[in-house]
Structure formats: C-alpha cells, structure tokens
Amino acid sequence: MSSVDSQQRVLSGMRPTGKLHLGHYHGVLKNWVKLQHEFECFFFVADWHALTTQYDDPSGIEESVWDMVIDWLAAGVNPGSSTMFIQSRVPEHAELHLLLSMITPLGWLERIPTYKDQQEKLREKDLATYGFLGYPLLQTADILMYRAGKVPVGADQVSHVEITREIARRFNHLYGREPGFEELAEGAIVKMGKKNAKLYRTLKKRYQEEGDLEALETARALLKEQQNISLGDRERLYGYIEGGGKVILPEPQPLLTPESKMPGLDGQKMSKSYNNYIGLREAPDSVAVKIRTMQTDPQRVRRTDPGEPEKCPVWGMHKIYSDADTQQWVQTGCRSAGIGCLDCKKPLIDAIIEEQRPLHERAREYENNRDLVHSILEEGAEQARDAARDTLEEVRAAMGLGYR
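Numbering (the working numbering), first residue to last: 88 to 491.
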C-alpha cells in the first residue's frame, strides 16, 4: 500500500457518450465537484469500455471524448483539484487487467447482473466477446490501479464494486502471505512501543472476535500515525488485523451517490435514448423552446381547466429548480386554474438558463481551444501513470515478476 492513504482516494469514470445533459450534471458532475475538494480524486474517460459495445463502429469515440471533457470542465471539475485523464493513455490499466484475469474465476464474471441485462438490451449487437465478458474485470483494474478506497456509484452499480472487493481479497489472499508473515507482523507490533502495541492488540481482538468496524477504523488511524515502523510493516499490520496477509490491493467501498431525480421533458428519467433531455450547454433559446413545448397535465385542455401538478412533467422540474414559494405558487395556481401552463413554465426557463450561465462561461475557454483540453488530459495521464506504476511494481513483485 506504500504511502497511499486509500481512504482518501476516489476513482470515478464515464464512457465517452458525447455532450452531456442536465441529468449528468445533477446526478454525477455536481458530486464530482464536491468530492474534488474533500479527497484525492481521479476522474477518467473510459474509452476502452466504450469499445466493449462499440467495437464495430468506433468512429465517434474521439469527438465524444472532447465534448464530454469540456462539459466536465464547464461543470467545475478542476484539473488543479483532481486528476483527469483518458483511460487508454495509461496502458498500465491493460497490464493490471491481464494480471488480474489470471486469478479471476470465469463464473464470477458471468454472474454479474448487468452482464445479462446488457446482452438483452443490446440484442442487435454481437456481445459474445471476450472484451464484453471481461469489462467488469477491466473496471476492477481501473479501481485497484489507484488503490482507491471510495468509488462513487448509484445503487444499481454496487455489484461492480463488490466484484472488485472480491478480486482484491482473492489477490491479497494468494499473494499477501509472505514467508514468516505472522512473525514479521508480531515484530512490527513490538516496534510501535508498549502503549501503542497494547492498543493495537486490543483493537485487533475486538475486530476479529466481535466484528467491531469502529475498532478496525481506529486501528487503521493508529497505524497511519506510527513513525517507528516501515511502510512494509504498516502494510503487514493492515492485513494482520483483518486476519489476512499483507494488503497489496486494498478493498474499495462504494460511495453511494444520491439518486438523480432529474426528470426528462416527458417525465421519464432524462436520457439521450429517450430524446427527452436538455443539454448541459444547450443554448438559452433552445432551452426556452423545449420547456415551452413540454407536455403538461392532459386534464388542462383549456386555460380555465384546473390541473394536478403531480400528473405534470413540468412539476418534476420545479421540484429541482424552484424554491418553496414558487412551488407553492405552482401548486395553488395550477389546481385553481389561476395560472396557465406557460405562466408555470416561465420561472423554470429562467432558473435553468441562470444555472447554465456559469457553465457556458467556463466552457468558452475550452470550446475553441482543443490544445488546452488535450494538455490537461495529457498532464493528467502522466500523474495517473505515476500512481499506476507504483501499484504495478508491487503487483508484479507479488506475482513473481519483479526480476530484480
């Protein structure tokens, strides 16, 4: 684990799907902007993952990458506060994927729920490929490469983090048991001094006998503070308290993100595939047209007909964008026919355009300067490769490929 504090590292990525919409902004990017100030964050473009389903027509991937990254920057993801890079520019991902494939049982990949779900959804594509079956393992390599302790995911993606945990556990079990491990770990405890050694042993007992997770966290914090032990000893003691061997690849935890409640123009979840979206950088005139032409409560045929906000897609957007007073005005005015549908939509148009104004301003710096975007991603790739090389050096050595 060297000098990496995995609990302070976050890893998240997106497939390059082109320009993003407000659903991405509220569901993912606003969270990234917050996380980059709280953790050491690695945000990457998952272009190899795109090839698992788009291998027959990769022509749009490159342009999609630029459009998507400009949206990240427009949303406030800051290359000075996080590491942004393209997956394929860090070839170490491929090597770790290969090495992990040596120890991953085939059945573990076949049982992942999204494997069969995606095959059903994309039935027109031939997905009986090695790449598609192995994409959860590539995802595992992406996470473990940076020894990230936290992975922001929605509830539907927890299974991907779980298989990463299982593979890390299997790897540590196979390769973390160095000769004389227990003797080395006990020797390391002694080096901590009597008081800290006694506390470590107490915490170890509480965790192993009672499953006390607080004791585990306290022990980790205790080890982090120790100045009298080497990095190798610290790694051993991380593994010793958990009853295993040396922790080479720490198990990540899912960092559950609040479910995006951003509805589309038709009331369904906002999605490009439903063509019900507003682009993250959509022009103000286009936003106004899209909102004005939104369907409303079908009961309101005439201006004088009362309506029911809960049956109207416009109300779903008011819940995202409007304050309590405006929401009350909508509820009362709609049910009494005191306001018309266009009246109801006006504050929504204003709120969305106002939200997008700083996004447009930030994007201008990058829209006509691809070289600047390219340099940000190249610099990020170099930073990512530094972290990736450290991990691979330990993984190779553990698997007998050190050759020193």
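Where a beta carbon is used, it is the ideal one built from N, C-alpha and C, also for glycine.
Roughly how many angstroms lie between the CA atoms of residue i and residue j, to the nearest whole one?
i      : j      : result
Ala485 : Tyr262 : 6 Å
Met88  : Tyr222 : In this prediction, Met88 scores a pLDDT of 44, lower than 50, which makes its location untrustworthy; no coordinate-derived value is stated.
Lys377 : Gly351 : 11 Å
Arg212 : Asp204 : Per the sequence shown, residue 212 should be read as Lys rather than Arg. Their Cα atoms are separated by approximately 13 Å.
Gly218 : Ile436 : 44 Å
Ala475 : Asp134 : 17 Å
Val115 : Gln414 : 25 Å
Pro192 : Arg257 : 10 Å
Tyr294 : Arg379 : 59 Å
Gly147 : Leu464 : 19 Å
Ala137 : Lys433 : 39 Å
Glu304 : Lys281 : 20 Å
Glu296 : Gly330 : 11 Å
Leu49  : Gln94  : Lying outside 88 to 491, the shown extent of the chain, residue 49 is not represented and no answer is given.
Glu269 : Ala255 : 20 Å
Asp320 : Ala272 : 7 Å
Lys356 : Met349 : 7 Å
Glu249 : Trp195 : 11 Å
Met404 : Met381 : 11 Å
Leu220 : Ile407 : 38 Å
Leu342 : Pro445 : 28 Å
Trp416 : Asp410 : 10 Å
His447 : Ala370 : 9 Å
Give me whichever residues DSSP pairs with residue i in a beta bridge.
i      : result
Gly366 : His108
Thr170 : Phe129
Arg210 : Bridge partners of Arg210: none, in fact.
Ser99  : Phe130
Gln382 : None; Gln382 has no bridge partner.
Lys356 : Pro350
Leu342 : Pro239
Measure the beta-carbon distance from residue i to residue j and round it to whole angstroms, keeping in mind my assumption that it falls under 8 Å.
i      : j      : result
Val334 : Glu322 : 6 Å
Asn315 : Lys278 : 5 Å
Pro339 : Ala235 : 6 Å
Met101 : Val120 : Met101 to Val120, Cβ: 14 Å. No contact.
Lys311 : Asp92  : 7 Å
Val401 : Cys431 : 6 Å
Ser151 : Thr104 : 6 Å
Asn118 : Pro239 : 6 Å
Ile365 : His108 : 6 Å
Ile64  : Ala306 : Since the displayed the chain opens at 88 and closes at 491, residue 64 lies outside it and no answer follows.
Give me, in chain order, the residues of the same chain whose beta-carbon lies closer than 7 Å to that of residue i; leave out the 5 immediate sequence neighbours on both sides.
i      : result
Gly241 : Thr344, Glu346
Val460 : Trp153, Val156, Ile157, Tyr453
Asp299 : Arg293
Pro200 : Ser246
Met232 : Glu179, His180, Leu183, Ala475, Thr478
Pro145 : Leu138
Phe172 : Phe131, Leu464, Gly467, Ala468, Ala471
Gly354 : Pro400, Gly403
Might you give, ordered along the chain, the residues of its own chain that have their beta carbon closer than 8 Å to the beta carbon of residue i, omitting 5 neighbours on each side?
i      : result
Asp392 : Gln386, Ala424
Ala450 : Ile157, Asp158, Leu160, Ala161, Arg368
Gln418 : Pro396
Leaving out five residues on either side along the sequence, give the residues of the same chain with a beta carbon under 6 Å from the beta carbon of residue i.
i      : result
Thr170 : Phe129, Gly467, Gln470, Ala471
Arg252 : Glu338
Cys428 : Thr383
Gln141 : none
Glu127 : Gln95, Arg96
Lys498 : Absent from the model: residue 498. The displayed extent of the chain is 88 to 491, so no value can be given.
Arg176 : Ala468
Arg264 : Gly332
Does residue i get closer than 9 Å to chain C when you measure Cβ to Cβ?
i      : result
Lys281 : Of the protein chains in the structure, only one exists, and it is not chain C.
- Query: Which runs of the alpha helix (DSSP H), 4 residues or longer, sit entirely within the stretch 384-426?
  - Reply: 400-408, 411-423
- Item | Any alpha helix (DSSP H) of 4 or more consecutive residues that is wholly inside the stretch 251-313 | 268-278, 281-297, 300-312
- Message: Just to confirm the assignment: which complete alpha helix (DSSP H) runs, minimum length 4, are found wholly within the stretch 135-190?
- Response: 148-162, 179-188
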